[in-house]
Amino acid sequence: MKRNPYITEKIAFALLFLATILVLLPVIFIVFIIIQKGISAISWEFLTTSPRMGMREGGIFPAIIGTVYLVAGTLVFALPLGVLAAIYLTEYAKDNLLTRLVKLAIINLAGVPSVVYGLFGLGIFVIFLQFGASILAGSLTLAIMVLPIIITTSKEALESVPRSFREVSLSLGASKWQTIRHSVLPHALPGILTGIILAVSRAAGETAPILFTVAAFFLPKLPQSVFDQAMALPYHLYVISTQVPNVAEHTRYGTALVLLLMVLSMNFLAIVVRSRFRKLKKW
Amino acid sequence: MTLKSVKEFVIEKLIYLCGIISILIVVLIFVFLAKEGFSLFKTVSLKAFLSGEKWYPISDPPSFGILPLILGSLFVTLGATIISVPIGVASAVYIAEIAPPRAKEILKSGIEILAAIPSVVIGFIGMTTLVPFTKQILHLPTGLTAFSGSLMLAFMAMPTIVSIAEDALTAVPRKYKEAALALGATRWQAIHRVILKAASSGIVAAVMLGIGRVIGETMAVMMVTGNAARIPHSLFEPVRTLTATVAAEMGETVQGSDHYFALFAIGIVLFIITFIINLIADLSVNKK
Amino acid sequence: MWFAGTHALKTLNLSVFENEILGVIGPANSGKSTFLRGLNRLNDLDVHFKTSGKIYLDSQDIHRDIEVGLLRKRVGMVFALPVPLPLSIFENIVYGPRRHGIKNKKELEKIVESTLKEAYLWDEVKDRLNLGAMRLSGGQQQRLCLARTLAVNPDVILYDEPCSGLDPISTAKIEEAMLRFKNKYTQILVTNNTKQAARVSDRTAFFLMGDLIELDRTDKIFTSPLDKRTNDYISGRFG
Numbered sequence: 001m002k003r004n005p006y007i008t009e010k011i012a013f014a015l016l017f018l019a020t021i022l023v024l025l026p027v028i029f030i031v032f033i034i035i036q037k038g039i040s041a042i043s044w045e046f047l048t049t050s051p052r053m054g055m056r057e058g059g060i061f062p063a064i065i066g067t068v069y070l071v072a073g074t075l076v077f078a079l080p081l082g083v084l085a086a087i088y089l090t091e092y093a094k095d096n097l098l099t100r101l102v103k104l105a106i107i108n109l110a111g112v113p114s115v116v117y118g119l120f121g122l123g124i125f126v127i128f129l130q131f132g133a134s135i136l137a138g139s140l141t142l143a144i145m146v147l148p149i150i151i152t153t154s155k156e157a158l159e160s161v162p163r164s165f166r167e168v169s170l171s172l173g174a175s176k177w178q179t180i181r182h183s184v185l186p187h188a189l190p191g192i193l194t195g196i197i198l199a200v201s202r203a204a205g206e207t208a209p210i211l212f213t214v215a216a217f218f219l220p221k222l223p224q225s226v227f228d229q230a231m232a233l234p235y236h237l238y239v240i241s242t243q244v245p246n247v248a249e250h251t252r253y254g255t256a257l258v259l260l261l262m263v264l265s266m267n268f269l270a271i272v273v274r275s276r277f278r279k280l281k282k283w
Numbered sequence: 284m285t286l287k288s289v290k291e292f293v294i295e296k297l298i299y300l301c302g303i304i305s306i307l308i309v310v311l312i313f314v315f316l317a318k319e320g321f322s323l324f325k326t327v328s329l330k331a332f333l334s335g336e337k338w339y340p341i342s343d344p345p346s347f348g349i350l351p352l353i354l355g356s357l358f359v360t361l362g363a364t365i366i367s368v369p370i371g372v373a374s375a376v377y378i379a380e381i382a383p384p385r386a387k388e389i390l391k392s393g394i395e396i397l398a399a400i401p402s403v404v405i406g407f408i409g410m411t412t413l414v415p416f417t418k419q420i421l422h423l424p425t426g427l428t429a430f431s432g433s434l435m436l437a438f439m440a441m442p443t444i445v446s447i448a449e450d451a452l453t454a455v456p457r458k459y460k461e462a463a464l465a466l467g468a469t470r471w472q473a474i475h476r477v478i479l480k481a482a483s484s485g486i487v488a489a490v491m492l493g494i495g496r497v498i499g500e501t502m503a504v505m506m507v508t509g510n511a512a513r514i515p516h517s518l519f520e521p522v523r524t525l526t527a528t529v530a531a532e533m534g535e536t537v538q539g540s541d542h543y544f545a546l547f548a549i550g551i552v553l554f555i556i557t558f559i560i561n562l563i564a565d566l567s568v569n570k571k
Numbered sequence: 572m573w574f575a576g577t578h579a580l581k582t583l584n585l586s587v588f589e590n591e592i593l594g595v596i597g598p599a600n601s602g603k604s605t606f607l608r609g610l611n612r613l614n615d616l617d618v619h620f621k622t623s624g625k626i627y628l629d630s631q632d633i634h635r636d637i638e639v640g641l642l643r644k645r646v647g648m649v650f651a652l653p654v655p656l657p658l659s660i661f662e663n664i665v666y667g668p669r670r671h672g673i674k675n676k677k678e679l680e681k682i683v684e685s686t687l688k689e690a691y692l693w694d695e696v697k698d699r700l701n702l703g704a705m706r707l708s709g710g711q712q713q714r715l716c717l718a719r720t721l722a723v724n725p726d727v728i729l730y731d732e733p734c735s736g737l738d739p740i741s742t743a744k745i746e747e748a749m750l751r752f753k754n755k756y757t758q759i760l761v762t763n764n765t766k767q768a769a770r771v772s773d774r775t776a777f778f779l780m781g782d783l784i785e786l787d788r789t790d791k792i793f794t795s796p797l798d799k800r801t802n803d804y805i806s807g808r809f810g
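Chains as they are written, first to last, in the numbering used here: chain A, 1 to 283; chain B, 284 to 571; chain C, 572 to 810.
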């Protein structure tokens, strides 16, 4: 009996649909269960006070602040370096060995495991440059980690601006930098912004790079300078779920919820920025 | 020279500088890892390191064989790949070729959300739900196994695989599909005979990058695989991966000790592995 | 001039007279655009471009004696496909002057009005200067691009097949503008449409496969050209 290709197609499509569901089901499950079990822990107190009794009571405020500091520090280093490197690659780089090396370097940086960044950060910033375990060391490590993200998305945003815009600007007598500044960058800005938001969300959620470079389990007071250690949300979650016994389940889930909300809302923001950009794009 | 052109000159030089710095960073990472890591090989031979079966870094005398760790990473990665590749590629095909446009947007956003979930959160959920579940259902002495690790890592690899494979499928020129359909093929036949083959290099790249993500994962594995640095004999035993080893033990070593160097040496191994994976992915895309 | 090994424009010797309209005709790939873009050094944008020989603007070597930004200000260009920037009409026109340092609002407004009038677009858009330029029709957009080029006060205007996508009315308006510009600007028009060259230009040059075949007064080229190839092209035997 010859197999009816239309039946084969129906079966195949059904299986493919099933596969897609399988990919998405975990997302729904994870989000759902974290909300369900963690929501009871969320209170004003939880979000604004320090932990007490070895994390069993009180809140996670220092961890939230620590994450905010780290993200800010990451941006300070990674944003200018990343955007300018992207401008270099799209507007200035000639097609030679050096350029190919740079592009290769960035692709490789993107694939390096986060724990290797942590190792590198430990060796160079904490020990060699003697910054010690500090917000400075942690921010620099995270900055290097998210650099490829910023460079790649900025590069795509810049490349999506039509070449004709540059031609028109130059033919009117503008210089190269003026052209970039006034007829390329403004139109690439939403794409660049998307990349920055994604980088921030990544930096906020990573644990391994901050394990040895900045994170502390419990600090008596908030960090006062960039050379202080800090608590951070991902590390906090890790410790209270693996190393501290007898923490209430809803506290753990609550911490996970706060972290998840922070990261997901940033990603959501990036998606919104990107889709509004696409709608408003007039070319 | 006018003020304007001086300002521009400075800006342009700054831009060049930033381009160069990115290469320097990669070089620096490797050089630094190498410097600390190779120090290990003054006291331990490379062969003993790579093939030694005992990872007892704090016993006296210490033993730095990373074979159990390599196997741990391998088991977990293999398991994750077997689960995530078929499901991921199938899902990519569905999203790229079959899903209606509105659904496509929602699905792609859903995938992005999955990609954004921090690994420590996934590890946490795995620890609290999957681990006890497998222990109960499969009657294991513990739920902290390579299998649990594989499953969690499969979830983490899938968004990478799905989104890159989907890009590759969407990039196949429409005329291939139209030509196949014009010749009387059904949509499914057009997909699996023409489009998949055309996108194959991109799909290979997607898989490689997914594998790279899995090998490099640290926190999720640490929380669900049990961290036993022994050679595993089945997927349902606790294992320790290369990444977890570094993360778990770095805090306890003395700077400048052999243990410290050994962890850096593991870092080199990880760096090289991911470099090779990226190379393969890159070559596969450029071969096209 | 060469592009990555292809000899796009062979050696030639040509003078353009002040305030004339020079038409440049020829089939595709004859080197006309390469020639035109060499005059404002836009070919430099291509990494694989090489050129030899000299080009002078008023006895200044454009590669050595003038800064390239200044050259392009003095030698403006209108492209084949209208390229309005995704900005308002006003912003499109003041883009050039702004880059050259003009900031005064009143001055900018004057420039906008005068150039739009010269390009025969003022009446159609004077109430809508803040409207997005992309919303104009093709012919209006091209006239906008013309006004934009005029806004930096060039000496020479280069036209690279400017009417190729336009309807006859817009084409007529642009040709009318070109004729009116004669006492203010020197113009070089590259066109695929030989009839247009016949209508508008004082002298016409015929290019074929990278060579300048013939250059003469327009009426002579179109009635009794010296070279057989010129005759064949004009009478449509090839194209």
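Glycine included, every Cβ here is placed at the ideal spot set by N, Cα and C.
Within the same chain, Cβ atoms closer than 7 Å to the Cβ of Leu492 (chain B) are found at Thr443, Ile447, Ala564, the five residues on either side in sequence being excluded. When DSSP reads this structure, Leu786 (chain C) sits in a beta bridge with C:Ala776.
The segment 199-206 of chain A makes no contact with the segment 85-101 of chain A; the number of CB pairs closer than 8 Å stays below 3. Residue burial annotation: Tyr117 (chain A) is buried, with at least 16 other C-beta atoms found within 10 angstroms of its C-beta. By the neighbour-count criterion, in which a residue is buried when 16 or more other Cβ atoms sit within 10 angstroms of its Cβ, Tyr6 (chain A) is exposed. Residues of the segment 462-479 of chain B with a C-beta atom less than 9 Å from some C-beta of chain A are Ala468, Thr469, Arg470, Trp471, Gln472, Ile474, His475, listed in chain order. The alpha carbon of Val214 (chain A) has as its nearest neighbour, out of A:Ile11, A:Ser139, A:Val23, the alpha carbon of A:Ser139. Residue contact check for Gln130 (chain A) against chain C: no CB pair falls below 9 Å. If you look at Ile759 (chain C), you'll find it in the beta strand (DSSP E) that goes 757-761.
Taking 9 Å as the cut-off, the Cβ atoms of Gly426 (chain B) and Val497 (chain B) do not count as close. Straight-line measurement puts the Cα of Leu479 (chain B) at about 55 Å from the Cα of Leu222 (chain A). The contact set of Arg670 (chain C) on chain A, defined by CB atoms closer than 9 Å, consists of Ser169, Leu172, Gly173, Ala174, Ser175, Gln178, Thr179, His182 in chain order. Residues of the segment 194-210 of chain A with a C-beta atom less than 9 Å from some C-beta of chain B are Leu198, Ser201, Arg202, Ala204, Gly205, Glu206, Thr207, Ala208, listed in chain order.
Rounded to the nearest angstrom, the Cβ distance from Pro209 (chain A) to Met145 (chain A) is 6 Å, consistent with a contact under 8 Å.
Less than 9 Å separates the beta-carbon of His634 (chain C) from that of Arg612 (chain C).
DSSP links Lys697 (chain C) through a beta bridge to no other residue. In the same chain as Lys744 (chain C), and ignoring 5 residues on each side of it, the C-beta atoms closer than 8 Å to its own belong to Tyr691, Gly710, Arg714, in chain order. In this structure Phe165 (chain A) is in contact with Ser183 (chain A), their Cβ atoms being roughly 5 Å apart against a cut-off of 8 Å.
Our two residues, Ile64 (chain A) and Ser50 (chain A), have alpha carbons roughly 10 Å apart in a direct line.
If you compare the alpha carbons of A:Gly123, A:Val115, A:Leu97 with that of Val537 (chain B), the shortest gap goes to A:Gly123. Bridge pairing for Thr577 (chain C): C:Phe574 [DSSP].
One alpha carbon belongs to Asn764 (chain C), the other to Asp773 (chain C), and they sit about 15 Å apart. Under the three-state reduction of DSSP, Leu729 (chain C) is assigned to strand. Segment contact: the segment 530-550 of chain B against the segment 358-373 of chain B, fewer than three CB-CB distances shorter than 8 Å; contact not assigned. Under the three-state reduction of DSSP, Ile394 (chain B) is assigned to helix. Close CB contacts of Gly406 (chain B) within its chain, under the 8 Å cut and outside five residues either way in sequence, are with Met435, Met502, Ala503, Val504, Met505, Met506, Val507 (chain order). Between the alpha carbons of Phe29 (chain A) and Val71 (chain A) lies a distance of about 28 Å. For the segment 208-237 of chain A, the set of residues with a beta-carbon nearer than 7 Å to any beta-carbon of chain B comprises Ala208, Leu211, Phe212, Pro234, Leu237, in chain order. Comparing C-alpha distances from Lys318 (chain B) to each of A:Asn267, A:Phe128, A:Val168, A:Pro220 shows the shortest one belongs to A:Phe128. The Cβ-Cβ distance between Val552 (chain B) and Ile312 (chain B) does not fall below 9 Å.
Put simply, the CB of Arg166 (chain A) is far from chain B, with every gap to its CB atoms at 9 Å or more. Val595 (chain C): member of the beta strand (DSSP E) spanning 592-596, first to last residue. Its Cα nearest to that of Leu652 (chain C), the residue C:Thr762 stands out among C:Thr762, C:Ser685, C:Thr794, C:Ser806. Residue burial is scored here from C-beta neighbours: Leu525 (chain B) has at least 16 other C-beta atoms within 10 angstroms and is therefore classed as buried. Beta-bridge partners assigned by DSSP to Met648 (chain C): C:Leu729.
In this structure Ala110 (chain A) is in contact with Pro148 (chain A), their Cβ atoms being roughly 4 Å apart against a cut-off of 8 Å.
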